[in-house]
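Colleague: Going down the list, the sequences are from chains A and B.
Going by my numbering, the first residue of the first sequence is number 1, and it counts up by one from there.
Going by my numbering, the first residue of the second sequence is number 1, and it counts up by one from there.
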Amino acid sequence: MADYENAIEIKELTKRFDGFTLDNISFNVPKGSIMGFIGQNGAGKSTTINSLLGIIKPDSGEMKMLGLDARKDETEIKRDIAAVFDELPFHEQLNAKMLDKMLRHIYPGWSSETFFGYLERFSLPVKKKFGKFSKGMKMKLQIAAALSHGAKLLIMDEATTGLDPVVRSEILDIFMEYLQDENNSILMSSHITSDLEKIADSVTFIDRGRILITGYKDDILASHCIMKCSKEDYAAIDRNNFISARVTDFGAELMFSDKKACEKKYSGAVIDSATLDDIMIYYVNREKKEWS
Amino acid sequence: MYIQCIMYISSIYIMVITMDIIISNSSGEAIYEQIVSQIKAQIMNGTLSEGDALPSMRALAQSLRISVITTKRAYEELERDGFIVSQTGKGSFVKGQDRELVREEYLRQTEQLISQACEKARTGGITAAELHELVDILYNGD
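1) Restricting to Cα atoms, I'd like to know which of A/C229, A/I226 and A/A159 is closest to A/L196.
2) Got a sec, what are the start and stop residues for the alpha helix (DSSP H) A/N243 sits in?
3) In terms of residues, what are the limits of the alpha helix (DSSP H) holding A/S52?
4) Compute the Euclidean distance between the alpha carbons of A/F130 and A/I243, then round it to the nearest angstrom.
5) Use the C-beta contact count for A/M157: other C-beta atoms within 10 angstroms, 16 or more gives buried, fewer gives exposed.
6) From the DSSP output, in three-state form, read off A/G117 for me.
7) Mapping DSSP to helix, strand and coil, what is A/L187?
8) Using a Cβ-Cβ cutoff of 8 Å, what residues of the segment 59 to 73 of chain B are near chain A? List them in chain order.
9) Cβ of A/E9 less than 9 Å from any chain B Cβ?
10) Using a Cβ cut-off of 8 Å, which residues of the segment 205 to 232 of chain A contact any Cβ in chain B, in chain order?
11) In whole angstroms, give me the CA-to-CA distance for A/S194 and B/Y106.
12) Does A/E253 come out as helix, strand or coil in the three-state DSSP assignment?
13) Decide if the segment 5 to 16 of chain A is in contact with the segment 56 to 64 of chain A; the criterion is three or more beta carbon pairs, one per stretch, under 8 Å apart.
14) From the DSSP output, in three-state form, read off A/S230 for me.
15) On a CA-only basis, which of A/I279, A/A235, A/L221 and A/G268 is nearest B/G28? Give me that one, please.
16) In the DSSP assignment, find the unbroken alpha helix (DSSP H) run with A/K11 in it and report its ends.
17) Who pairs with A/F205 in a beta bridge, going by DSSP?
18) My assumption, with CB atoms under 8 Å, is that A/K289 sits in contact with A/R239. Please give the rounded CB distance.
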């Protein structure tokens with residue numbers, strides 16, 4: 001496989017549906033990094049991922065994975081990537097032993113030893129039917145399978161949603177272990193922004209089919225802030241200077257995308273750091289401008 | 001968080017030092033800055049010695065549960081300020097400490113603290129002369 005800089009390259013991806021359009025989506029996931037893909041339900045995360053994986057055919061745009069064209073080299077790519085979804089893609093009547101036999105014939109790089117090693121590490125029963133697995137067990141099973149054929153890219157679509165904090169923490173540890181090899185990369189779409197806040201290297205935020213923010217997580221978090229002031233002071237602020245404001249009976253909270261400028265201009269005010277959740281909420285309300 | 005690993009290269013054992021790095025999520029100080037100041041402090045007070053191998057950026061990121069971009073930034077700053085040296089393929093090592101360099105770092109930190117003291121003094125209506133007197137007393141011990 002040729003050398004490549006970005007594990008995923010998406011350029012001007014567009015897909016039109018009745019009532020929803022994925023509009024000119026562009027972003028890259030650098031090799032050796034983990035990108036958090038955030039956005040509301042229905043914003044276009046799954047559509048983007050499904051387009052990348054060839055489950056949906058886009059109207060236009062270029063997509064590359066591991067340096068190869070996502071459409072032309074689809075088979076070659078799929079030997080070296082793994083996708084994890086929020087629903088178990090394996091039949092409920094199968095068990096791990098049977099799955100191993102099947103996947104051995106599908107992936108040239110499959111290692112049964114690795115697979116059973118993960119099953120043991122996750123305490124997953126080898127002969128139990130998947131239908132009897134709990135949600136957490138189903139997710140760990142998918143991850144065990146994903147990590148057993150030498151995949152260089154993991155694509156996770158809402159994989160940790162619905163899992164308890166303890167299981168999520170275990171899964172995060174596994175991802176961090178996976179990333180110790182700098183040739184491995186992860187694209188992770190998730191609502192659990194607290195997880196991404198910790199470990200994501202970069203973040204892409206999609207809203208109603210458009211990319212609003214994409215960049216290094218540290219930079220995004222360091223440059224945004226929430227300024228809190230009285231309703232009187234709020235009234236005097238130019239509406240174009242901030243993203244949106246939450247106004248209550250007791251004051252106003254405004255989000256700015258340039259923390260340094262905000263601190264300089266409003267030096268007396270309370271200025272708090274913003275979390276990814278905050279950023280999502282304030283940006284989603286950017287057209288409304290004022291909300292509560 | 002203790003980071004400890006032993007790397008085996010050909011027949012030589014290289015011990016990566018055990019070190020404590022304690023990150024606060026609520027201190028307001030950027031995480032990479034916290035890492036930089038803690039490592040600097042450990043180098044200056046002798047906890048880390050010349051030639052000690054620091055954990056890899058990825059290993060540190062994994063243990064602290066932060067992004068590798070953050071640890072990379074910290075190591076880059078440490079290298080820029082002359083505290084460590086990074087060799088691709090080998091890792092990052094504590095650099096021999098230049099007396100001058102150490103003194104400059106202490107000078108910088110002291111200046112920062114004095115600046116804070118001046119601001120407080122100004123706010124409280126304390127004159128420069130009173131401040132000078134205070135410094136004399138405190139410096140010479142009471």
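Beta carbons: idealized from backbone N, C-alpha and C, even for Gly.
Modeller: Considering the structure as presented:
1) A/A159
2) According to the sequence shown, residue 243 of chain A is Ile rather than Asn. Boundaries cannot be given for A/I243, as no alpha helix (DSSP H) includes it and DSSP labels it neither H nor E.
3) For clarity, residue 52 of chain A is Leu in the given sequence; the question names Ser instead. Per DSSP, A/L52 belongs to the alpha helix (DSSP H) from K45 to L52.
4) 46 Å
5) The residue asked about is misnamed: residue 157 of chain A is Asp in this sequence, not Met. It counts as buried.
6) In this structure, A/G117 counts as helix in the three-state DSSP scheme.
7) strand
8) Flagged, chain order: A59, A61, Q62, R65, I66, S67, V68, I69, T70 and R73.
9) no
10) Y216, K217, D218 and A222
11) 37 Å
12) Note: A/E253 maps to strand in three-state DSSP.
13) yes
14) The three-state reading of DSSP puts A/S230 in coil, since its state is none of H, G, I, E or B.
15) Measuring from the Cα of B/G28, the nearest candidate turns out to be A/L221.
16) It is not in any alpha helix (DSSP H) - A/K11 instead sits in the beta strand (DSSP E) that spans N6 to F17.
17) A/I38 and A/I213
18) Rounded to whole angstroms, the Cβ separation of A/K289 and A/R239 is 6 Å, and the two are in contact under 8 Å.
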